[in-house]
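One structure is given below, encoded as structure tokens.
Numbering (our numbering), first residue to last: 1 to 225.
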């Protein structure tokens, strides 16, 4: 889990700032701006989270070897990787809810999440072992994400463009993966080789996201001049 949550540091660095910003907009009654900011933050977080998810799925074994000097953890990193998306988005949603004076709702959600997780650990883990623990993490994160999303939707009528926020980033990940496989990156140092591959993956990902969104980029560039 520490490895999976590592990139969340970047999300956490600005998610805490959402609390005073959303409080200011709510106090001023600027609901349209509140929705616009919410939509923009979701777009950025979705794109970032899917990129990180792709990195951990593709390079799970390499990351396991670099961090733990063993490939054993690679399997668990890959299994838990899809949760990155929900964990990071949920972090953002919780701070949005706190910013619009819904701290009690966040607390209730966390309590429900905790009770369900404890129940799974108590009843399921003794039977299923490690897989039961993995199940508890999946249920916990998905439950927390679902409840928080519903709570936020009731307060802010945000919109998620499935094509732009999810389909395009996933497609960019797949294309980036194909490109790095074609690159002859073969340094003798395993760690350096992996870091360079990940760096190229991120670079290709960003380039393809810009290309897929080239119409908006062109319009903004034209307006700038």
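All C-beta atoms, glycine included, are put in the ideal place defined by N, C-alpha and C.
CB contact flag (residue i, residue j, <8 Å)
i, j, result
"residue 141", "residue 97", "no"
"residue 62", "residue 186", "no"
"residue 198", "residue 111", "no"
"residue 169", "residue 38", "no"
"residue 91", "residue 11", "yes"
"residue 80", "residue 137", "yes"
"residue 139", "residue 116", "yes"
"residue 93", "residue 49", "no"
"residue 26", "residue 100", "yes"
"residue 35", "residue 161", "no"
"residue 69", "residue 102", "no"
"residue 77", "residue 175", "no"
With 16 other Cβ atoms within 10 Å as the buried cut-off, status of residue i
i, result
"residue 72", "exposed"
"residue 85", "buried"
"residue 209", "buried"
"residue 130", "exposed"
"residue 226", "Lying before the first or after the last residue shown, residue 226 is absent from the chain, which here runs from 1 to 225."
"residue 9", "exposed"
"residue 7", "buried"
"residue 120", "buried"
"residue 118", "exposed"
Enclosing alpha helix (DSSP H) for residue i [first to last residue]
i, result
"residue 27", "18–27"
"residue 114", "103–123"
"residue 96", "83–99"
Counting Cβ pairs, one atom from each stretch, are 3 or more of them under 8 Å apart for the segment 174–186 and the segment 35–49?
No contact exists between the segment 174–186 and the segment 35–49.
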